[in-house]
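Chains A and B supply the protein sequences, listed in that same order.
Note that UniProt numbering gives residue 11 to position 11 of the first sequence, counting from 1, and the numbers run on in steps of one.
Note that UniProt numbering gives residue 50 to position 50 of the second sequence, counting from 1, and the numbers run on in steps of one.
Ideal Cβ placement from N, Cα and C applies to all residues, glycine included.
Scroll down for the structure; my scribbles are underneath it.
Protein chains: 2
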Amino acid sequence: MAERSSQELDRLRDRIDEVDKDLLTLLRRRLDLVGEVGSIKHEQGLPIYAPKREAAMLMKRREEATLMGVPPQLIEDLLRRIMRESYASENDVGFKCINPDVGPIVIVGGAGKLGTLFSQLFRLSGYEVRILDKDDWPNADAILDGAGVVVVSVPIHHTNAVIAQLPTLPKECVLLDLTSIKQAPLAAMLSKHQGPVVGLHPMFGPDLSSLAKQVVVVCHGRDEARYQWLLEQIRIWGARLHEAPASEHDQAMQLVQAMRHFTAFVYGAHLRRERADLDQLLQFSSPIYRLELAMVGRLFAQDAKLYGDIIFSQPDTLARARHYMDRYQEALKMLEHGDKAGFEAQFNDIADWFGDFAKQFQSESGNMLLSANDNRSEA
Amino acid sequence: MAERSSQELDRLRDRIDEVDKDLLTLLRRRLDLVGEVGSIKHEQGLPIYAPKREAAMLMKRREEATLMGVPPQLIEDLLRRIMRESYASENDVGFKCINPDVGPIVIVGGAGKLGTLFSQLFRLSGYEVRILDKDDWPNADAILDGAGVVVVSVPIHHTNAVIAQLPTLPKECVLLDLTSIKQAPLAAMLSKHQGPVVGLHPMFGPDLSSLAKQVVVVCHGRDEARYQWLLEQIRIWGARLHEAPASEHDQAMQLVQAMRHFTAFVYGAHLRRERADLDQLLQFSSPIYRLELAMVGRLFAQDAKLYGDIIFSQPDTLARARHYMDRYQEALKMLEHGDKAGFEAQFNDIADWFGDFAKQFQSESGNMLLSANDNRSEA
Numbered sequence: 001m002a003e004r005s006s007q008e009l010d011r012l013r014d015r016i017d018e019v020d021k022d023l024l025t026l027l028r029r030r031l032d033l034v035g036e037v038g039s040i041k042h043e044q045g046l047p048i049y050a051p052k053r054e055a056a057m058l059m060k061r062r063e064e065a066t067l068m069g070v071p072p073q074l075i076e077d078l079l080r081r082i083m084r085e086s087y088a089s090e091n092d093v094g095f096k097c098i099n100p101d102v103g104p105i106v107i108v109g110g111a112g113k114l115g116t117l118f119s120q121l122f123r124l125s126g127y128e129v130r131i132l133d134k135d136d137w138p139n140a141d142a143i144l145d146g147a148g149v150v151v152v153s154v155p156i157h158h159t160n161a162v163i164a165q166l167p168t169l170p171k172e173c174v175l176l177d178l179t180s181i182k183q184a185p186l187a188a189m190l191s192k193h194q195g196p197v198v199g200l201h202p203m204f205g206p207d208l209s210s211l212a213k214q215v216v217v218v219c220h221g222r223d224e225a226r227y228q229w230l231l232e233q234i235r236i237w238g239a240r241l242h243e244a245p246a247s248e249h250d251q252a253m254q255l256v257q258a259m260r261h262f263t264a265f266v267y268g269a270h271l272r273r274e275r276a277d278l279d280q281l282l283q284f285s286s287p288i289y290r291l292e293l294a295m296v297g298r299l300f301a302q303d304a305k306l307y308g309d310i311i312f313s314q315p316d317t318l319a320r321a322r323h324y325m326d327r328y329q330e331a332l333k334m335l336e337h338g339d340k341a342g343f344e345a346q347f348n349d350i351a352d353w354f355g356d357f358a359k360q361f362q363s364e365s366g367n368m369l370l371s372a373n374d375n376r377s378e379a
Numbered sequence: 001m002a003e004r005s006s007q008e009l010d011r012l013r014d015r016i017d018e019v020d021k022d023l024l025t026l027l028r029r030r031l032d033l034v035g036e037v038g039s040i041k042h043e044q045g046l047p048i049y050a051p052k053r054e055a056a057m058l059m060k061r062r063e064e065a066t067l068m069g070v071p072p073q074l075i076e077d078l079l080r081r082i083m084r085e086s087y088a089s090e091n092d093v094g095f096k097c098i099n100p101d102v103g104p105i106v107i108v109g110g111a112g113k114l115g116t117l118f119s120q121l122f123r124l125s126g127y128e129v130r131i132l133d134k135d136d137w138p139n140a141d142a143i144l145d146g147a148g149v150v151v152v153s154v155p156i157h158h159t160n161a162v163i164a165q166l167p168t169l170p171k172e173c174v175l176l177d178l179t180s181i182k183q184a185p186l187a188a189m190l191s192k193h194q195g196p197v198v199g200l201h202p203m204f205g206p207d208l209s210s211l212a213k214q215v216v217v218v219c220h221g222r223d224e225a226r227y228q229w230l231l232e233q234i235r236i237w238g239a240r241l242h243e244a245p246a247s248e249h250d251q252a253m254q255l256v257q258a259m260r261h262f263t264a265f266v267y268g269a270h271l272r273r274e275r276a277d278l279d280q281l282l283q284f285s286s287p288i289y290r291l292e293l294a295m296v297g298r299l300f301a302q303d304a305k306l307y308g309d310i311i312f313s314q315p316d317t318l319a320r321a322r323h324y325m326d327r328y329q330e331a332l333k334m335l336e337h338g339d340k341a342g343f344e345a346q347f348n349d350i351a352d353w354f355g356d357f358a359k360q361f362q363s364e365s366g367n368m369l370l371s372a373n374d375n376r377s378e379a
C-alpha cells in the first residue's frame with residue numbers, strides 16, 4: 001500500500017480509537033446516573049422496567065438520530081443493550097419491600113437453581129427467607145412455623161408429593177409453586193391448603209442476572225386479593241405477569257415446549273446415529289445454519305432429568321407426539337414419491353394458516369441472526 | 001411518590017438524555033471516520049472486514065472498560081453493533097476492481113434476488129455486468145460474447161438444464177454457479193466447459209446489505225489459478241471463504257439444512273392440524289420459547305419452491321429422512337412405555353457424543369437470547 005495512504009489510515013484509526021474512548025466515558029457516566037435512578041426507584045418501590053418511558057425515550061432518540069443522519073435502528077439497538085446492563089446493576093441496590101409485615105418466606109427446594117434465584121430476590125427485597133431442602137424435612141415444622149409464603153420449587157415429578165408432604169400451614173399463608181406445568185400442582189395445592197394459593201411459571205432459566213422484561217405466568221388458585229402484594233413484588237423485580245388458566249398454559253407448553261424439546265432430542269439422536277462430524281458441520285457456518293444446530297445441541301448441555309420431566313410429565317404429550325408422527329409420515333410419503341407439487345401446495349396452505357405471524361417470525365428471527373453475525377469473529 | 005424524589009428522578013432522566021445525545025454525536029463522528037477509512041480501503045483494494053485488527057481493537061477496549069468499571073462485554077457488544085453499520089456504509093463507496101481487464105460478467109438468472117445482489121457487487125467493483133434471464137435466451141450468444149465470467153444463479157432444479165443450455169464459452173472464461181447443492185452442478189459445469197470452473201455456495205439469504213463476515217463455500221472445479229482473482233474479489237466484499245469438497249458440502253447441507261427444514265415443515269403442519277392458537281401461544285413468550293416458534297414460522301414466510309428444491313433436490317435426503325423417522329419411533333416408544341430412565345440414559349449418551357459442542361451451542365444461543373430479550377418491549 002502507498003505510504004501516504006497507510007499513514008492516513010493510521011491517523012483515521014487513531015481518531016476512531018479516541019471516539020471509542022469517549023464512548024467509554026459516556027457509558028461510565030450513564031451507568032452512574034442509572035444507578036442513582038435505581039436508588040430512588042428502590043426507595044419509592046417503582047418497577048425497574050418502565051416500558052412506557054422506555055418506548056417514549058427510544059422514539060425520541062430515533063427522531064434525533066434521523067436528523068443527524070445516524071441510522072435510527074443503530075441508536076435503538078445500542079440503547080437497548082445498554083439498558084440490559086442498567087437492569088442488572090439495579091440488583092445491587094435491592095428492591096422495595098411491598099409487604100414488610102408478612103411472615104418468613106419458605107422456599108421448599110431452595111437449594112436448587114430456581115429456588116436460589118427466588119431466595120436472592122426475596123432477600124434483596126428485605127424479606128426473611130428460610131430454605132426447606134431435601135435434608136431439612138425432619139425440621140419442617142420449625143422451618144414452616146409462622147410462614148407468610150411457601151414457595152414450592154422442586155423438580156416436576158416431585159411437586160405433587162412434596163405438596164402433599166407439607167404440614168398444615170397457617171391459614172393466611174400464601175402457597176405457590178414454580179413448576180413448568182400448572183394444572184396438577186395447582187390442584188394439589190388447593191386440596192392441601194385452605195388459604196391463598198397461586199401457581200406461577202417463571203418463563204426463563206435460572207441463570208438470569210435480572211428479571212427485567214421476563215415473563216411470569218400466573219394461574220390463580222384461591223383468594224387472589226391476599227397475594228396481590230406478592231404479584232406487585234414480582235413486578236418490582238422487573239417481570240411482566242401474564243395471567244392465564246392453568247389448562248391453557250399447559251396446552252401451550254405441550255405444543256411448543258415439550259414437543260420442540262422432544263423433536264430436538266430426536267434430532268440429536270439422529271445426528272449421532274448418522275455419525276455427523278460436528279466440527280466439519282460448523283465449518284459451513286452461516287448464522288441461521290449455526291442457530292439450527294445450536295437449538296438442538298444446547299439441549300444436551302442441560303439436565304436430562306429436567307427435560308425428561310418436561311416431556312414425560314403430562315399424559316397429553318404422548319398423543320401430541322403421535323400426531324406429529326402422522327404428519328411426519330405424510331411428509332415422508334411426499335418425499336418418497338418425489339411429490340414436490342404436493343409439498344409446495346401443503347407448504348402454501350400452512351403459510352396461509354400462519355398468516356401475518358410468519359412474517360413476524362421471520363423479522364424477529366432476522367434481527368437475531370443479524371446480531372449473531374455481529375458476534376462472529378475469526379482471524 | 002414524594003415530590004422531592006419525583007423532581008430528582010426528572011433531573012436524572014434529563015441528564016441521561018444529555019448523555020444519549022452526546023452518544024449520537026459520537027456515533028455520527030465515528031460513521032464519518034469509518035467512511036474515510038472505507039475510501040482509502042477502496043483505493044487500495046483492502047477487504048472491508050479485517051478480523052485481526054478488529055479482534056485487537058476489541059481486546060484493547062475491553063481492557064480500558066475494565067479499568068473504568070464498565071462491563072467489558074458491554075463495550076464489545078456495542079462496538080460490534082456499530083461495526084455492522086460501518087460495513088454496510090462501505091457499499092456506498094464501492095470496491096476495488098481486482099481484474100479490470102476481464103471480459104463482461106454475465107449473470108445467468110440475474111433478475112433473481114441472489115443474482116441481483118451479485119450484479120450489484122460486481123458493478124460496485126467496476127465490472128461490466130450483463131444479465132441473461134429467462135426471456136433473454138434468444139440473445140444468449142450476443143450477451144455471452146467475450147464473457148470473462150459466467151455466473152449461474154437459477155433455482156436448483158433448473159441449474160443442470162441451464163448449464164447444458166449454455167453455448168460454448170470462451171476458453172478462458174470462468175464458469176461458476178451459486179446453487180446451494182454443489183456436486184451435481186459442478187459435474188455439469190465441468191462437462192459443459194473446458195476452461196476454469198468453480199462452485200460457490202453463498203451461505204446467506206439475498207437480503208443482506210453487506211457480505212462482511214458471511215461465509216461463501218468454495219468447491220474447486222478446474223484451473224484454480226485462473227479464478228484466484230475472483231476469490232480475492234469476494235474477500236474484498238468482506239466474505240470469508242471456506243474451501244471444501246463438494247461431497248462434504250452436500251452431506252452437511254443434508255444433515256442440517258434439508259433435514260431441519262423438513263422437520264420444521266412437519267412442525268408447521270402439526271401446529272396447524274392441532275389447531276394451535278398462535279396468538280395465545282405467543283402470550284407465553286419467553287425468548288427461547290418465541291425463538292422455537294419463530295424458527296418454524298419463519299419458514300412459511302418464504303418461498304415454497306425454494307424449500308421444495310432444497311429438500312427434494314438430493315436423493316440422499318430421503319434416506320436421511322427415513323433414518324430420522326426410525327429415531328423418532330424409538331423415542332416415541334420410550335414415551336409410550338413411560339420409560340423415563342431410558343430417555344435419560346440416551347439423553348446422556350447423546351450429550352457425551354456432543355461433548356464440548358453442547359456447551360458451546362448453549363453459550364452461543366444464550367447470547368442470542370439475551371439480545372432477543374433486549375429487543376422486547378411492551379407497555
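Using CA coordinates, which residue listed in the options is at the minimum distance from residue i?
i: B:Phe118; options: B:Glu243, B:Pro287, B:Trp237, B:His249; result: B:Trp237
i: A:Gly148; options: A:Glu172, A:Asp133, A:Phe204, A:Asp223; result: A:Glu172
i: B:Gly35; options: A:Glu54, A:Val70, A:Glu3; result: A:Val70
i: A:Trp137; options: A:Val154, A:Leu166, A:Val151; result: A:Leu166
i: A:Leu241; options: A:Leu281, A:Tyr307, A:Cys219, A:Gly297; result: A:Cys219
i: B:Pro206; options: B:His158, B:Val154, B:Gln251; result: B:Val154
i: residue 399 of chain A; options: A:Ser180, A:Glu85, A:Ser191; result: Residue 399 of chain A lies beyond the residue range present for chain A, which begins at 1 and ends at 379; the question has no answer from this structure.
i: A:Ala239; options: A:Ile48, A:Ser86, A:Gln7, A:Leu24; result: A:Ile48
i: A:Pro51; options: A:Gln283, A:Leu291, A:Val106, A:Gln214; result: A:Gln214
i: B:Trp353; options: A:Arg327, A:Leu278, A:Pro287, A:Tyr307; result: A:Leu278
With a threshold of 8 Å on Cβ separation, who are the neighbours of residue i within its own chain once the five nearest residues in sequence on each side are excluded?
i: B:Gln254; result: Gln314, Asp316, Thr317, Arg320
i: B:Gly146; result: Gly103, Pro104, Pro170
i: A:Ile82; result: Leu27, Arg30
i: A:Leu24; result: none
i: A:Glu63; result: Pro72
i: B:Leu79; result: Met57, Leu58, Arg61
i: B:Leu114; result: Ser153, Leu178, Pro202, Pro206
i: B:Ala358; result: Ala351
Under 8 Å by Cβ, that's how I've got residue i and residue j pegged, so tell me the actual separation to the nearest angstrom.
i: A:Leu27; j: B:Leu74; result: 7 Å
i: A:Val256; j: B:Leu293; result: 6 Å
i: B:Val108; j: B:Val152; result: 5 Å
i: A:Asn348; j: B:Ala304; result: 5 Å
i: A:Ser39; j: A:Val93; result: 6 Å
i: A:Gly338; j: B:Phe312; result: 7 Å
i: B:Pro196; j: B:Tyr227; result: 5 Å
i: A:Gly221; j: A:Leu271; result: That pair is no contact at about 42 Å.
i: B:Glu248; j: A:Gln280; result: 7 Å
i: B:Gly110; j: B:Asp133; result: 6 Å
Shorter than 8 Å from the beta carbon of residue i to some beta carbon of chain D?
i: A:Asn160; result: You won't find chain D in this structure, because its protein chains are A and B.
Which residue or residues does DSSP assign as beta-bridge partners of residue i?
i: A:Cys97; result: In the DSSP output, where bridge partners are listed per residue, A:Cys97 has none listed.
i: residue 451 of chain A; result: A query on residue 451 of chain A cannot be resolved here, the shown segment of chain A reaching from 1 to 379 and no further.
i: A:Asp223; result: In the DSSP output, where bridge partners are listed per residue, A:Asp223 has none listed.
i: B:Pro202; result: B:Val216
i: B:Glu152; result: Looking at the sequence itself, residue 152 of chain B is Val, so the reference to Glu does not match. The partner list for B:Val152 (beta bridge, DSSP) reads B:Val108, B:Asp177.
i: B:Arg130; result: B:Val106
i: A:Val197; result: A:Leu175, A:Arg222
Near residue i, which residues of its chain fall below 6 Å by C-beta distance, leaving aside the five closest residues on each side in sequence?
i: B:His193; result: Leu169, Leu175
i: A:Gln362; result: none
i: A:Ala341; result: none
i: A:Leu299; result: Ala264
i: A:Cys97; result: Ser125, Gly126
i: B:Phe122; result: Ile105, Val129
Apart from the five residues just before and just after residue i, which ones in its own chain have a Cβ nearer than 7 Å to its Cβ?
i: A:Phe95; result: His42, Leu124, Ser125, Ile236, Trp237
i: B:Asp250; result: Ile181, Lys182, Gln183, Gln314
i: A:Ala88; result: Ser209, Ser210
> Which runs of the alpha helix (DSSP H), 4 residues or longer, sit entirely within the segment 275 to 339 of chain B?
Replying inline: 278 to 283, 287 to 297, 304 to 312, 316 to 336
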